[in-house]
Amino acid sequence: MAQVELKGVKKSFGKTDVIRDVNLQINDGEFVVFVGPSGCGKSTLLRLIAGLEELSSGEIHIADRAVMDLPPSKRGIAMVFQSYALYPHMSVFHNMAFSLDLQGVSKAEIHERVLAAAKILQMEHLLDRRPAALSGGQRQRVAIGRAIVRNPDVFLFDEPLSNLDAALRHDTRVEIAKLHKQLGATTVYVTHDQVEAMTLADKIVVLKDGEVMQVGSPMDLFKSPANEFVAGFLGSPKMNFFEGELTGGAGTDQGHFKGEGLTLSGVRLVSTDKSVGDKILLGIRPQHMTLDSDGLLKGRATLVERLGTETVVELLTEQGTSFRFACPEMLDIATGQDVSFSIDAARAHLF
Amino acid sequence: MFPTPIQHASKTRQRLYTVALPVVLFLWLLPLLAIFMTSIRPALDINSGNLFGWPSSFDLIDNYVAVFTQSEALRYFWNSVKVTVPTVIISVSLACLAGYGLAIYRFKLALPLFFLFIAGNFVPFQILMVPVRDLSVRTGLYDTVTGLVLFHAAFQTGFCTLFMRNFIRDLPRELIESARIEGVGELRIFWFLVLPLVRPAIAALSVLIFTFIWNDFFWATVLTQGESSKPITAGIRALNGQFVSQWHLVSAASLMAAVPPILIFFAMQKHFIAGLTLGATKG
Chain A
123 MAQVELKGVK KSFGKTDVIR DVNLQINDGE FVVFVGPSGC GKSTLLRLIA GLEELSSGEI
183 HIADRAVMDL PPSKRGIAMV FQSYALYPHM SVFHNMAFSL DLQGVSKAEI HERVLAAAKI
243 LQMEHLLDRR PAALSGGQRQ RVAIGRAIVR NPDVFLFDEP LSNLDAALRH DTRVEIAKLH
303 KQLGATTVYV THDQVEAMTL ADKIVVLKDG EVMQVGSPMD LFKSPANEFV AGFLGSPKMN
363 FFEGELTGGA GTDQGHFKGE GLTLSGVRLV STDKSVGDKI LLGIRPQHMT LDSDGLLKGR
423 ATLVERLGTE TVVELLTEQG TSFRFACPEM LDIATGQDVS FSIDAARAHL F
Chain C
-13 MFPTPIQHAS KTRQRLYTVA LPVVLFLWLL PLLAIFMTSI RPALDINSGN LFGWPSSFDL
47 IDNYVAVFTQ SEALRYFWNS VKVTVPTVII SVSLACLAGY GLAIYRFKLA LPLFFLFIAG
107 NFVPFQILMV PVRDLSVRTG LYDTVTGLVL FHAAFQTGFC TLFMRNFIRD LPRELIESAR
167 IEGVGELRIF WFLVLPLVRP AIAALSVLIF TFIWNDFFWA TVLTQGESSK PITAGIRALN
227 GQFVSQWHLV SAASLMAAVP PILIFFAMQK HFIAGLTLGA TKG
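Top to bottom, those sequences are chains A and C.
The numbering of the first sequence is this note's numbering, which starts it at 123 and goes up by one.
The numbering of the second sequence is this note's numbering, which starts it at -13 and goes up by one.
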């Protein structure tokens, strides 16, 4: 059983704390995605699991073994790097066979394992080529193949799709998802792309400034974000936030809100430490607002983006708060036009 | 494309180019040409003052054969080989190892140590002449091939390390991390990954150091005395006898002495392929 457990993991470079007290449980066979803006420490956390960086304090267990003092090769992991890191002077076959060869695995077994991995990734015809003769997507597949051959307990992916173009990124993402189903191995995947996180993950870990903001399934995080950061980070276009006042329901999970011309009651109240009269933020996704000529939220359109599948309107309220409205229909809203919306309190959040 | 091909320039420029190029080439090669002309003259011409005129006879074969038969030149040549080859091997291998350490490992003293290597290159070795000679006499290395090799290697390794460290530093770091994760030992990473990838650097450095050492006159003069250890650069002087000047033989020997570095350059040429790391990363 290849579960990964992080207990009180801390890492600092000099005086800068990069990872502050991370506790995390990754179950066997689970696909976990670390997501966050650049500089949030997600790659460092992965490198700590891999053993490429040393812990400042805390414990890491892989498959019930404490691995803090083990070198990367003894941790039962395989890692795929953003830059692929293929050995340029070796053929694809030798790239995959290199470590097995040095570990003294028999020629026949190496052959078998490399061919099996190549078959899974459909790249048997590439085995004789050098990395320079491969496209970006093929190189990434070789890098994944090199990980598969080692038959690890845990796969680690460090932004594996960042260097691919949009179309290839989508295809490779689908392939990685299939591969995970097929192999069923525990996988930790780092990305800054929320779409990758939402589509691939069984469990998303949102990080910010070296701290875990929220852990949960993609839909849990989307529906009930634990704080303003998670709410703003997941979902596109970004969630709208309006400043206002808590007018009731303090201490419960349902709050009343007043502000920006709106009065709402029965809104999901996230922060428990607010009392009536405190300033509070109302969050509502651009997709969860309804055009309504009697609506209380009024704004003036400043930009209309027609994406074909969706229309996104940027607006400005009278108080100068900018917000967005998104809707799958073609709308004939023009720039400068005044629009009003009603908000479904059941889909809003108070932070 | 830059520079713009001469075919695209104006007619006047083209004419100027066709005239100037051979002239410049001639001027450039004039010293070499002068030495060559001297090397095929009979001694008589030089003694009678016919230094730059038409030779009274062409003694090409006689002179070049004489260099090897009438003097110890062959021995000096062999000494040069015995000094140069081991020096190149020792300095370049030490530099690869030290360069790997300085480039790949993170330790507190990595940078100060590296600066020390650079700083060493700023010391003009002429000021070390007397102490080094003293040292070599005391250690019994004076006038030996071993002594020359050791001192040359000591002086060259600093520069070589600077060179190799910077090349190894430029390799994608993920390559090494990837190999570590795969359980490849450090020495094997060095041998199977780093060395093949810095081959062009090793080739260039070897040629450079080979030329430095082969052409060295300073230490050859300071640290050797007898026939048994004198390399060709210092040995050529001995062709001028104590009482007779034999400039035609000195010239012939000088030209012969210049050949090995050129041969080495061409022998190593096929290794100077840039872009060996192509395909390692996103490229």
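Ideal Cβ positions, reconstructed from N, Cα and C, are used throughout, including at glycine.
- With the criterion set as a beta carbon lying under 7 Å from some beta carbon of chain A, the members of the region 142 to 169 of chain C are P158, E160, L161, E163, S164, R166, I167, E168 and G169, in sequence order.
- Scanning chain A for C-beta atoms nearer than 7 Å to the C-beta of P182/C yields H211, reported in chain order.
- About 15 Å separates the Cβ atoms of K137/A and S179/A, ruling out a contact at the 8 Å cut-off.
- Between the region 135 to 142 of chain C and the region 56 to 76 of chain C there are three or more inter-stretch CB-CB distances shorter than 8 Å, so the stretches are counted as touching.
- Scanning its chain for C-beta atoms nearer than 6 Å, with the 5 sequence neighbours on each side dropped, one finds around S42/C the residues D31, in chain order.
- As DSSP reads the structure, K216/C sits in no beta bridge.
- For Q225/A, the C-beta contacts it makes with chain C under 8 Å involve G169, in order along the chain.
- Counting only Cβ-Cβ distances below 7 Å, F203/A has contacts in chain C at E160 and S164, in chain order.
- Classified as exposed, H247/A has fewer than 16 neighbouring CB atoms from the shown chains inside 10 Å of its CB.
- Secondary structure at G130/A: strand, using DSSP grouped into helix, strand and coil.
- Note on the region 341 to 409 of chain A: whole alpha helix (DSSP H) runs with a minimum of 4 residues are 350 to 355, in chain order.
- Contact of R142/A with chain C is not assigned, every C-beta pair being separated by 8 Å or more.
- Under the three-state reduction of DSSP, R187/A is assigned to strand.
- Annotation for R272/A: A200, S221 and L222 place their beta carbon closer than 8 Å to its own, counting only its chain and skipping 5 residues before and after.
- Taking a beta-carbon distance threshold of 8 Å, L174/A counts as an interface residue toward chain C.
- Here A206/C is buried: its Cβ has 16 or more other Cβ atoms, across all protein chains shown, within 10 Å.
- Cα atoms of V227/A and H233/A: separation of roughly 10 Å, rounded to the nearest angstrom.
- Under a criterion of Cβ atoms nearer than 9 Å, the residues of chain A adjacent to R174/C are, in order, L224.
- Annotation: Cβ neighbours of S221/A in chain C (cutoff 8 Å, chain order): A165, E168, G169 and V170.
- Taking 9 Å as the Cβ-Cβ cut-off, the region 228 to 244 of chain C has no residue approaching chain A.
- The beta carbon of R295/A sits closer than 7 Å to the beta carbons of L283, E318, T321 and L322 from its chain, once the five residues preceding and following it are set aside; these are given in chain order.
- F258/C: not part of any alpha helix (DSSP H); DSSP gives it neither H nor E.
- The Cβ atoms of T70/C and F196/C lie closer than 8 Å to each other.
- Pairing V154/A with K345/A gives a Cβ-Cβ distance that is not under 8 Å.
- The C-alpha of L437/A lies about 13 Å from the C-alpha of M411/A.
- Secondary structure note for S240/C: its alpha helix (DSSP H) is the uninterrupted segment W233 to M254.
- Taken through DSSP and simplified to helix, strand or coil, L419/A comes out as strand.
- In the structure shown, the three-state DSSP call for M335/A is strand.
- Ranked by how close their Cα comes to the Cα of K420/A, the residues F463/A, F445/A and L453/A have F463/A in first place.
- When beta bridges are read from the DSSP output, T309/A appears opposite F153/A and F277/A.
- Note: L438/A is bridge-paired with R422/A and S444/A in the DSSP secondary-structure output.
- A residue is called buried when at least 16 other Cβ atoms come within 10 angstroms of its Cβ; W40/C does not meet this threshold and is exposed.
- With distances taken between CA atoms, A189/C lies nearest to F149/C out of I162/C, F149/C, F100/C and L16/C.
- Y91/C counts as exposed, since fewer than 16 other beta carbons sit within 10 angstroms of its beta carbon.
- In this chain, D139/A is not harboured by any alpha helix (DSSP H); it is covered by the beta strand (DSSP E) spanning T138 to I148.
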